[in-house]
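K.L.:
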Ligand code: 5AD
Ligand code: SF4
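In my numbering, the protein residues as written are 1398 to 1837.
(1) Pick out whichever of 1628, 1430, 1679 has its Cα sitting closest to the Cα of residue 1544.
(2) What are the boundary residues of the alpha helix (DSSP H) that includes residue 1699?
(3) For the beta strand (DSSP E) holding residue 1405, just list the boundary residues, first then last.
(4) What are the partner residues of residue 1520, as DSSP defines its beta bridges?
(5) Where does residue 1818 land, buried or exposed, given buried means 16+ other C-beta within 10 angstroms?
(6) Please check if any C-beta of chain D sits within less than 7 Å of the C-beta of residue 1779.
(7) Is the segment 1448-1462 touching the segment 1411-1428, taking contact as three or more C-beta pairs under 8 Å?
(8) Which residue from 1664, 1735, 1680, 1754 puts its Cα closest to that of residue 1703?
(9) What are the complete beta strand (DSSP E) segments, minimum 3 residues, inside the segment 1724-1749?
(10) Could you check if residue 1811 is buried or exposed, using at least 16 other CB atoms within 10 Å of its CB as the buried criterion?
(11) In angstroms with no decimal places, state the Cα-to-Cα distance between residue 1664 and residue 1772.
(12) Where does residue 1766 land, buried or exposed, given buried means 16+ other C-beta within 10 angstroms?
(13) Can you round the beta-carbon distance between residue 1600 and residue 1553 to whole angstroms, since I take them to be within the 8 Å contact cut?
(14) Return yes when at least one heavy atom of the ligand 5AD lies under 6 Å from the C-beta of residue 1674, else no.
(15) Considering only their Cβ atoms, is the gap separating residue 1585 from residue 1624 smaller than 7 Å?
(16) Looking at the structure shown, is residue 1471 part of a helix, part of a strand, or coil, going by DSSP?
(17) In the structure shown, what three-state DSSP assignment does residue 1436 receive?
(18) Going by the DSSP bridge assignment, what does residue 1442 pair with across the sheet?
(19) Give me the pocket residues for the ligand 5AD, defined as CB within less than 6 Å of any heavy atom, sorted by chain position.
(20) I'd like to check one pair, residue 1821 with residue 1806: are the Cβ atoms closer than 7 Å?
(21) Can you grab the Cα-Cα spacing for the pair residue 1602 / residue 1516, in whole Å?
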């Protein structure tokens, strides 16, 4: 049996796609391996979101070129967003590449592998309006046996001006809710205790059938009802679409986690307009107030881009003040990276010098570290239910788990098992973790 090694870069959606690819190759007589050295075929599932994400993959492909010199029959495939964005150019750029497969063409992988058997190159990069890999049961890769992703929709049509995703992942489409529900039930029966529903904009999930519509809030509710022992999370929400109905649903189920990732990108109305985000600073603040009204202990994280086209210090300060106002528990922070063919690349100048972007980014990172620390300090003395996910990396006799608010807690191992729920009282913290003790 030929062995396939899959390496994944980028977002959770890519992780989930790799698990679909794993299922497809296994079904077609290949074996998955976690050892690069054993592989007959290497698949790299790639990300295009920022230039440095692509650069990382290109460096990796150069390493594979060397590997191929030692192992001439080795085949290398590029999957995902870079495959879709660069298409055949990837063959020219890197000699090690044999196969190119875009995000909607994974079902073609077995036939593409047959084609490359005789030393040819093969590519499939058509985007689809329908493909959701609905009935494929993913192979859980690198799983802790407790948490799993379920992809509920694909694609994105928001066209934020900076973003490459609508070009690499195509039209938005939702998956039949019954197949999602079955996948969730199956995971629960296998011992999984936490499911994260994934989509580029989960709030626009919609399944229509015989005049009846199922929206995201309804889907969440159906999944939450599988068992009170099954935690449900979701990612990512677009602030323009997050609804009161969804917030109320989250509030009314203990097992829907009190954690919302709500990417703000910028706190400046001028930037938000230029980014084509379709909300204002005030709209965003209203959404945060709505969340806090129904779920006072909800934690909130965000994504921030610094140094977008023409961003002034005033715009930047608007972002800083927004961060303080919300008091984010966590943030993913990035320098703006111009992506070819996006609206911003076509219409605006990428005019903030790299050093200035980085200076602003560092300022943002410092503020966020303080905010995260403050948020953790507030948790000292409180009790939380924690789902145990694994062993602590730092210490043999400690375990770690997460609170509903998605914060990592470290505590003594005793005789707890991964997948158990325990009640923990927080004793200390750093800006990144809580340290707790089991209580009854
Ligand atoms: N440059 C920098 N960051 C970007 N993101 C998306 N596109 C870009 C870009 N061109 C960020 C956004 C998004 C997150 C997934 O990545 O903050 O929410
Ligand atoms: Fe995920 Fe976007 Fe990166 Fe594609 S470009 S892998 S959708 S983050």
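Don't be surprised by glycine CBs; every beta carbon is placed ideally from N, CA and C.
P.N.:
Per the coordinate set shown:
(1) 1628
(2) Here residue 1699 belongs to no alpha helix (DSSP H); instead the beta strand (DSSP E) covers 1696-1703.
(3) 1400-1405
(4) 1497
(5) exposed
(6) Protein chain content of the structure displayed is limited to a single chain, and chain D is not contained in it.
(7) no
(8) 1754
(9) 1727-1732
(10) exposed
(11) 20 Å
(12) exposed
(13) Not quite, the Cβ-Cβ distance comes to about 12 Å (not below 8 Å), so this is no contact.
(14) no
(15) yes
(16) coil
(17) coil
(18) 1405, 1476
(19) 1446, 1447, 1559, 1560, 1660, 1662, 1700, 1702, 1731, 1733, 1734, 1736
(20) yes
(21) 42 Å
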